[in-house]
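Quick note: the sequence shown, position 93, residue 128 per our numbering, numbers continuous.
The structure appears below as structure tokens.
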Amino acid sequence: MEMLFCRRCGKQLENDNNHIYRCANGHMIYANNSPTVSVFFISPDNQKVLLANRVIEPHKGMLTVPGGFLDAGESFEEGAMRELNEELDLKDDDYGPLTYLTSTHDAYPYQNEIIPIVNVLFWSRLKSSKTLHPSDDITNANWHRLADIDFSALHADDIRTGIHALQKMFNKEKN
Numbered sequence: 036m037e038m039l040f041c042r043r044c045g046k047q048l049e050n051d052n053n054h055i056y057r058c059a060n061g062h063m064i065y066a067n068n069s070p071t072v073s074v075f076f077i078s079p080d081n082q083k084v085l086l087a088n089r090v091i092e093p094h095k096g097m098l099t100v101p102g103g104f105l106d107a108g109e110s111f112e113e114g115a116m117r118e119l120n121e122e123l124d125l126k127d128d129d130y131g132p133l134t135y136l137t138s139t140h141d142a143y144p145y146q147n148e149i150i151p152i153v154n155v156l157f158w159s160r161l162k163s164s165k166t167l168h169p170s171d172d173i174t175n176a177n178w179h180r181l182a183d184i185d186f187s188a189l190h191a192d193d194i195r196t197g198i199h200a201l202q203k204m205f206n207k208e209k210n
């Protein structure tokens, strides 16, 4: 992310150190990672993961999981629950506890800009009685064998990191 002008005084910014900018008046501005969240649903037998297709750019058509940017004032768990409701029409009693999996960073291309993100990844299990209704920016939510995931079909490195973590957790890493 590049910043040109100080949001406090309007003076031109100079890049001090990768994510730190400073203006002539000494104001420091930080280009910190934007927080995001993703949720991986695992089948009861630990053999499958729920993946969906993106219906928007970037990476339209590629595989992903429910998730997105946090809204102002949201915790990671609140953001995850909101995204699950928006993207799969799930309420918090439609799935088990959100369990921390890992966190990672990535770069999200948006409107000719690269936004640095930090993604907190959770996993959970769906309750069997719930029918999924993919919407918002995903479609075609289907189960995929965890051991057979085509990593080139996944839309981003943060999702690949999550799949690797799940494979390791459930001992399904391909040799």
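C-beta: ideal position from N, C-alpha, C; glycine also.
Straight-line spacing of the CA atoms in PRO132 and CYS58 works out to 46 Å. When the alpha-carbon of ARG42 is set against those of ASP185, TYR56, ALA176, the nearest one is in TYR56. Taking C-beta atoms as the reference points, LEU189 and ALA176 fail to come closer than 9 Å. Burial of SER159 is indicated by the presence of at least 16 other C-beta atoms within 10 angstroms of its C-beta.
Taken through DSSP and simplified to helix, strand or coil, GLY197 comes out as helix. Each of GLU118, THR99, ASN52 was checked against the Cα of ASP185, and the nearest Cα belongs to THR99. Inclusion of VAL155 and SER73 in the CB contact set at 9 Å is warranted, their separation being smaller than that value. Counting only runs that start and end inside the segment 111 to 162, the alpha helix (DSSP H) elements of at least 4 residues fall at 111 to 123.
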